[in-house]
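Following: one structure in structure tokens, then a few remarks.
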Amino acid sequence: MIIIGEKINGSIPSVKQAIERRDSEFVHNLAIRQADAGADYLDVCAGTAPDVEAETLIWLMDVVQKAVDTPLCIDGPNATTILQVLPHAKHCGLINSVSGEGKKCEILFPMIRETGWQVIALTCDDNGIPSDVETRVDIAKTLIEKAKVYGINPERVHIDPLVLALPADNQSLLKFVQTLKAVKSLYPTVKVTSGLSNISFGMPLRKVVNQHFLALAMYEGMDSAIIDPCNRDILTTLLTTEALLGRDRFCRNFSNAYRNKKIGPISSSS
Ligand code: THG
Numbered sequence: 025m026i027i028i029g030e031k032i033n034g035s036i037p038s039v040k041q042a043i044e045r046r047d048s049e050f051v052h053n054l055a056i057r058q059a060d061a062g063a064d065y066l067d068v069c070a071g072t073a074p075d076v077e078a079e080t081l082i083w084l085m086d087v088v089q090k091a092v093d094t095p096l097c098i099d100g101p102n103a104t105t106i107l108q109v110l111p112h113a114k115h116c117g118l119i120n121s122v123s124g125e126g127k128k129c130e131i132l133f134p135m136i137r138e139t140g141w142q143v144i145a146l147t148c149d150d151n152g153i154p155s156d157v158e159t160r161v162d163i164a165k166t167l168i169e170k171a172k173v174y175g176i177n178p179e180r181v182h183i184d185p186l187v188l189a190l191p192a193d194n195q196s197l198l199k200f201v202q203t204l205k206a207v208k209s210l211y212p213t214v215k216v217t218s219g220l221s222n223i224s225f226g227m228p229l230r231k232v233v234n235q236h237f238l239a240l241a242m243y244e245g246m247d248s249a250i251i252d253p254c255n256r257d258i259l260t261t262l263l264t265t266e267a268l269l270g271r272d273r274f275c276r277n278f279s280n281a282y283r284n285k286k287i288g289p290i291s292s293s294s
């Protein structure tokens, strides 16, 4: 499972404050903690007004890259901003994101043609976020084909089917799974990703719902997820599910994480 650490995001109040104060120690610690917890990529999202987004992202990227060698996942709503900050990345990472909206693909794809950059592609377009599977798969198809035109192979694309909140759409997980399966049957090497928090919006016990979403989505073939790897419960679900799916030989990761007190209930001994 490819882990994208979500914690360096200006929409989280403590991070917003750290950004405003240019508190590099706070961001540095978030980077170290997520990398130690096993993050493969670190999401960086400024969450500021567009006019200061690029300079904020560049500051975040510099702080993170001084702290760890983990590649970045550059998260922002604005394709031209992402384009502007890309040269500040030490390693090729993930672009978060393109979609069928406006000219995002046309702005970003030419720049990552012959590079190792990967890209998250959201299944929405100028008509918004579709709630049906068919339109999502159509948009995914369009985005993957567009990427191919620029020499970006499907394995460099992570499709994010944009999960809706379960109270708003009772079939939300099922539609996510159907989209995943349809996209993968068309493009076996494409990756499917998701954030965890949308599914539980408006529900009690959000973290429990998120954990179960993660386990089910992993079982159905989700390749990467945007999560808080420092959250003990989430990491417990993730490593348990990996072991159950036969992806952890001798359950070594699971056992090591337990021995190092990274997973499991805080007070229990079994
Ligand atoms: N898809 C894509 N990108 C995304 C999302 C997505 N980027 C933003 C978001 N969704 C994923 N990032 C976050 C970041 C923080 C939180 C939720 C999603 C959050 N954090 C709490 C905190 O840190 O205080 C709690 C974290 C926890 O302990 O679980 O809520 O869907 N492509």
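Residue 25 is where the sequence shown starts when you use the numbering used here, and the numbers rise one by one after that. C-beta atoms are modelled at their ideal positions from N, C-alpha and C, and glycine is treated no differently.
Under the three-state reduction of DSSP, which class applies to residue i: helix, strand or coil?
i, result
"Asn176", "The amino acid occupying residue 176 in the given sequence is Ile; Asn does not appear at that position. Coil at Ile176, not helix or strand."
"Thr72", "coil"
"Gln235", "helix"
"Lys31", "strand"
"Ser221", "coil"
"Asp184", "strand"
"Ala78", "helix"
"Gln142", "strand"
"Cys129", "helix"
"Ser248", "strand"
"Asp17", "Residue 17 is absent from the model: the chain starts at 25 and stops at 294."
"Ile26", "strand"
"Val16", "The structure shown does not extend to residue 16, since the chain spans only 25 to 294, so no value can be given for it."
"Val216", "strand"
"Pro37", "helix"
"Pro134", "helix"
"Ala192", "coil"
"Asp156", "coil"
"Leu229", "coil"
Hey, how far is the Cα of residue i from the Cα of residue j?
i, j, result
"Thr265", "Lys215", "18 Å"
"Lys285", "Phe278", "11 Å"
"Asn151", "Gly124", "9 Å"
"Pro178", "Leu96", "20 Å"
"Tyr211", "Ala241", "18 Å"
"Ile290", "Gly219", "25 Å"
"Leu259", "Tyr65", "15 Å"
"Ile183", "Thr217", "6 Å"
"Ala59", "Ile32", "12 Å"
"Ile250", "Met25", "11 Å"
"Ile153", "Leu167", "15 Å"
"Ala78", "Thr105", "6 Å"
"Asp47", "Asn53", "10 Å"
"Gln13", "Asn280", "In the structure as shown, the chain begins at 25 and stops at 294. Residue 13 is therefore absent and cannot be evaluated."
"Phe133", "Tyr174", "6 Å"
"Ala103", "Gly34", "18 Å"
"Leu81", "Ala70", "6 Å"
"Gln41", "Trp141", "30 Å"
"Ile43", "Lys231", "26 Å"
"Ala267", "Asp75", "45 Å"
"Pro101", "Ser121", "7 Å"
"Lys172", "Val207", "15 Å"
"Val143", "Ile176", "9 Å"
"Arg283", "Arg276", "10 Å"
"Val233", "Pro185", "18 Å"
"Val161", "Ile119", "20 Å"
"Leu262", "Pro253", "9 Å"
"Val303", "Val51", "Because residue 303 is not part of the residues shown, which for the chain are 25 to 294, the question remains open."
"Asp86", "Val39", "16 Å"
Of all the options the options, which has the alpha carbon lying nearest to the alpha carbon of residue i?
i, options, result
"Gly288", "Asn255, Leu269, Arg276, Asp272", "Asn255"
"Val201", "Ala189, Glu244, His182, Ile163", "Glu244"
"Lys128", "Gly140, His115, Ala145", "Ala145"
"Leu107", "Arg230, Ile131, Val187", "Ile131"
"Gly29", "Val68, Ser48, Glu49", "Val68"
"Asn222", "Ser196, Thr139, Lys205, Lys208", "Ser196"
"Ala113", "Ile136, Pro101, Asn102", "Ile136"
"Ala63", "Glu44, Val88, Phe50", "Val88"
"Glu49", "Asp75, Val92, Gly71", "Val92"
"Ile27", "Ser121, Thr94, Gly100", "Thr94"
"Asn194", "Ser121, Asp156, Glu169, Lys205", "Asp156"
"Ala189", "Glu169, Phe237, Val51", "Phe237"
"Cys116", "Pro101, Ile36, Glu138, Gly100", "Glu138"
"Pro37", "Thr72, Ala61, Ala55", "Thr72"
"Lys165", "Thr203, Ser248, Arg273", "Thr203"
"Val181", "Ser248, Asp149, Ala55, Gly126", "Ser248"
"Met246", "Met85, Phe225, Val187, Leu229", "Val187"
"Phe225", "Lys199, Ser209, Pro111, Pro191", "Pro191"
"Ala61", "Leu110, Asp257, Ala239", "Asp257"
"Glu158", "Lys205, Gly270, Gly126", "Lys205"
So within the stretch 39-125, which uninterrupted beta strand (DSSP E) runs reach at least 3 residues, ignoring any that extend past its ends? 65-69, 96-99, 118-124
In chain order, which alpha helix (DSSP H) runs of at least 4 residues are fully inside the stretch 254-289? 256-268, 276-283
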